[in-house]
Amino acid sequence: MSFKKTFSLGGIHPPENKITATKSIISAQLPDMVYISVNQHIGTPAKIVVKKGDSVKVGTLLGQADGFVSANIHSPVSGLIEKIEDTPSASGYYQQTIHIKVQEDIWEDYIIKDSDLNRDIESHTKEDIVARVKESGIVGLGGAAFPTHVKLFVPEGKSPKALLINAAECEPYLTADHSLLLEKADEILVGIALLMKALAVQKAFIGIESNKKDAIKLITPLCSKYSGIEVVPLKVKYPQGGEKQLIRAISGKEVPSGKLPLDIGYVVSNVSTAFAIYEALQKNKPLIERVVTVTGKRLEAPSNMKVRIGTRFSYLLEQVGGLPSSACKVIAGGPMMGRAVASVDAVVSKGTSGILILDEKETKRAKEQNCIRCASCVSVCPMGLEPYLLKYHGQHSMHENAQQNYILDCIECGSCSYSCPANIPLLDYIKVEKNSVIQINRSKNLK
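Note that my numbering has the sequence shown beginning at 146, numbered continuously upward.
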């Protein structure tokens, strides 16, 4: 199969900087403290079911899903709950957080700790898979952190025809998914097969960018052990891993404005999520840890690390040589869609795919100038939007015009800002206006 499948509109080619692509996954040391937010997912925060002074083990339920679009939270460590209070998250917002003093690494008895491969799929029913995914607190690990059990709930009248697995990892610097593909390929394929059974689909396509030839070479022959799973090599282009872009690349179909992938017969999940589902169903292991790329050109030993949820960035940076004196910005995620954090005391959440350290040269913004009407932002937008126009609407509080020009379709990939020769931070303006439109719509719905 040729390496030419991709989405049709826009896209850019930022430097890949995959400096950890050849690094094996290492296990981060256990910290002395972890900080567990009950709001690590899209939707309603989990309802806390423990209290100060309680002893917990690895896998103890800390927070119970509060509503359909919510997710359980489990303890990633064993220890003592010192306090529960509002604490700043990586997003900058204060969130209810459980502070746990780490003691011995004692796991709940229900978790199977061995690493033996378990390919048994037949013993699980569709209902069992969905229930276990929900119980285990699994969310999308590609960054959005949307509760996975919600995606597995198919409303009456809808009928998915295929599962798409996002293994593109198009964001510069990040290699967590790539490293997981190389080290846990069989487990990921079992997880995909379980997802297929839950959705009652016969086909699954794994989209992998062609710069990961080692992963493509490894996974492709392994797919023959599992019915209906196929690897689709993709062209290297950002944002190839965007949900709608992945669907367009693999199926050739477009998700209409305002619609969901399921509306045209597809469900999209991330490769790390598939691995988490394997662990939940085959090892009874809730989502308590994940692979995180800790990277940056000035880091002494950038790494792919298996990290317990709730670990501070600072503790992980100590294990890769420390925070460089030249560090100017710390980002949770990648350089295009990640979020700068105010402090290295930020903690790893379920949705943290990377910790990126940039120096002043890499982060310094050139002076913003007037728009020169070059339409570069239009040509690179993967959603076919007009970023310069959406910025104008936002600056002049033209909320209705912004909505009419599909601002809610923006996936916030940053291609417009990256390509602007006038150095206009278009995405910053668009994010503010998009949030305004969302709030206006929400207030209308409440009336």
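Ideal placement from N, C-alpha and C gives every residue a C-beta, glycine not left out. In this text, all values refer to a predicted model and were calculated from it rather than measured experimentally.
- Within 9 Å, strictly: CB atoms of S220 and I181: Less than 9 Å divides the Cβ of S220 from the Cβ of I181.
- Could you check the C-alpha separation between P378 and K196 for me, to the nearest Å? P378 and K196: Cα-Cα distance of roughly 49 Å.
- Query: In the DSSP assignment, what are the bridge partners of Y239?
  - Reply: Partner residues in the beta bridge of Y239, as assigned by DSSP, are P233.
- Task: List the residues that DSSP assigns as beta-bridge partners of E301.
- Result: Looking at the DSSP assignment, E301 forms no beta bridge with any residue, so it has no partner.
- Item | Cβ neighbour criterion (16 or more within 10 Å) applied to A520 | Residue burial is scored here from C-beta neighbours: A520 has fewer than 16 other C-beta atoms within 10 angstroms and is therefore classed as exposed.
- Which first and last residues belong to the beta strand (DSSP E) in which E354 is found? Where E354 is concerned, the enclosing beta strand (DSSP E) stretches over A349 to E354.
- For M146, the three-state DSSP class (helix, strand or coil): Any reading at M146 is ruled out, since the residue's pLDDT is 42, under 50, leaving its predicted position unreliable.
- Query: Mind checking whether G496 and A472 have CB atoms under 9 Å apart?
  - Reply: Pairing G496 with A472 gives a Cβ-Cβ distance that is not under 9 Å.
- Candidates R510, K509, A511 and S488: which alpha carbon is nearest I500's? Nearest option by C-alpha distance: S488.
- CB contact flag (V295, L426, <9 Å): Not closer than 9 Å, so no.
- Does at least one heavy atom of the ligand HEM sit under 8 Å from the Cβ of L367? Because no ligand of any kind appears in the structure shown, any question about the ligand HEM cannot be addressed here.
- Message: For the structure I just gave you, are there three or more beta carbon pairs, one from the stretch 354-362 and one from the stretch 310-321, closer than 8 Å?
- Response: Touching, per the Cβ criterion.
- For Q185, which three-state DSSP category applies? Residue state, collapsed to three classes: coil.
- Message: Using the three-state DSSP reduction, which class does N580 fall into: helix, strand or coil?
- Response: In the structure shown, N580 adopts helical secondary structure according to DSSP, grouped into three states.
- Take S147 and list the residues in its own chain whose beta-carbon comes closer than 6 Å to its own, dropping the five residues that flank it on each side. Any answer about S147 is weak, because its pLDDT of 47 lies below 50 and its placement is not dependable; what the coordinates show is given next. When the five nearest sequence neighbours on each side are left out, no beta carbon in the same chain lies closer than 6 Å to the beta carbon of S147.
- Proximity to E272 [Cα-Cα], best of D331, M341 and S236: Comparing Cα positions, the closest option is M341.
- Straight-line CA distance for V214 to N515? So the two alpha carbons sit approximately 43 Å from each other.
- So what's P532 in DSSP terms, helix, strand or just coil? In this structure, P532 counts as helix in the three-state DSSP scheme.
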